[in-house]
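Those protein sequences? They're chains A and B, same order as listed.
Just so we're aligned, residue 13 is where the first sequence starts under my numbering, counting upward by one.
Just so we're aligned, residue -11 is where the second sequence starts under my numbering, counting upward by one.
For every residue, glycine included, the Cβ atom is placed at its ideal position computed from N, Cα and C.
Worksheet: the structure to be examined is printed underneath.
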Amino acid sequence: MKTKVRYFALFRDQTGCSSETIAWPGGSAAELFQMMAEKHSALKTEAAALVAVNDEMAGWETVLNDDDEVLFFPPVAGG
Amino acid sequence: MSFSVSDTAIDVAAARKAVADNSCGALVVFEGWIRDHNEGQEVERLEYEVYRPVAEKEGSRIIDEAIERFGISHAVCIHREGLLELGEVAVIVCVSSPHRGEAFDACRYIIDQTKTRLPIWKKEHYITGISEWVSCEYCAAAGHSHGEHQHE
C-alpha cells in the first residue's frame, strides 16, 4: 500500500527530507517507523517521539490504511 | 478560540480580558519567557516551529480537559511561533474561576500538557553562532513519559 510520511523539526533536518511517499506491505505506525529507521539512521527510536495520522494524534500501535498521511514528530519542546 | 498560535507578539492584556467574568474571583496567569541561558549555553534568541493543524486541535482538547477536570470558568492559551528575542513572551496561559485553588491547578495542568503533547519544537540560537533543536535527552534516553519528572 501507499503511505505518505512527513518529518518535522529535528527529524526533517536529520533525514534531509520533509516528506516522502512509500510503497510497503502495510502495518502499524511503529512498524512504519522502524522500517524508515533502517533507511534513515538518524531515526533512532520512536520511544520519545510522537505520531499523528491524517492530522490526528495517534498511538504507535495504530494500524495504517492505504493513502494515510503519517506524521513523525521528534520529542516536543513547547513553552 | 481557547487555544491559538500566534506569529506576532502576544497581547497579554487581551488574553487576560478574554477570561474576564464577574462571577470569577481569581485569575491565574502563567507567562513563559525567552531566557538567556540553557544547560550552560548562552542563548541569543529562540525559534519555535509549530505544526498548526494538530497543535490547534490538541491544544483545544487540553483546555476542554482543564475545564472539565478542575471546574474552572474560562481558560485561554496562546503559543508563539517563529523567531523570538530574549524577554519575549513565548506562551501565556490565563485561567479564571470563582476561587483561586482550581485556577492554580488548571493553569499548571494546561502549561504542563502544552509542553509535552503538542507538536511544537524550539531551536536555540547561541551567542557562539551555533543553533540546536532542544529536546529532553533524559526522556529520549529513558523513553518514558514526561509525567515522571519536571521540566523548567
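Per the coordinates, the alpha-carbon of residue 32 of chain A lies some 34 Å from the alpha-carbon of residue 116 of chain B.
Per DSSP, the beta-bridge partners of residue 19 of chain A are A:84. In the DSSP assignment, residue 58 of chain A falls outside any alpha helix (DSSP H) and carries neither an H nor an E. Assigned with DSSP and collapsed to three states, residue 76 of chain A falls in coil, not helix or strand. For residue 68 of chain A, the uninterrupted beta strand (DSSP E) segment begins and ends at 68 to 70. The criterion of a C-beta distance shorter than 8 Å is not satisfied by residue 57 of chain A and residue 65 of chain A.
Counting only residues of its own chain and dropping the five nearest sequence neighbours on each side, residue 86 of chain A has a CB closer than 7 Å to the CB of 20, 21, 22, 23, 61. Around residue 86 of chain B, no beta-carbon contact reaches into chain A at under 8 Å, the shortest distance being about 27 Å. At a cut-off of 8 Å between beta carbons, residue 67 of chain A contacts chain B. Nearest to residue 98 of chain B by alpha-carbon distance, out of B:73, B:89, B:51, is B:51. Close CB contacts of residue 8 of chain B within its chain, under the 6 Å cut and outside five residues either way in sequence, are absent. Beyond the five residues adjoining it in sequence on each side, residue 84 of chain B comes within less than 6 Å, by CB distance, of 7, 9, 12, 15, 61, 62 in the same chain, given in chain order. In this structure residue 80 of chain A is buried. Its beta-carbon is surrounded by 16 or more other beta-carbon atoms within 10 angstroms. When only Cα atoms are considered, residue 64 of chain B and residue -7 of chain B end up about 11 Å apart. Residue 39 of chain B places its beta carbon less than 8 Å from that of residue 107 of chain B. The straight-line gap separating the alpha-carbon atoms of residue 47 of chain B and residue 36 of chain A is approximately 33 Å.
Taking a Cβ-Cβ threshold of 9 Å, the residues of chain A close to residue 67 of chain B are 90, 91, in chain order. Among the residues of chain A, none has a CB under 9 Å from the CB of residue 50 of chain B; the nearest is roughly 11 Å distant. A check of alpha carbon separations from residue 110 of chain B across B:0, B:54, B:78 identifies B:78 as the nearest.
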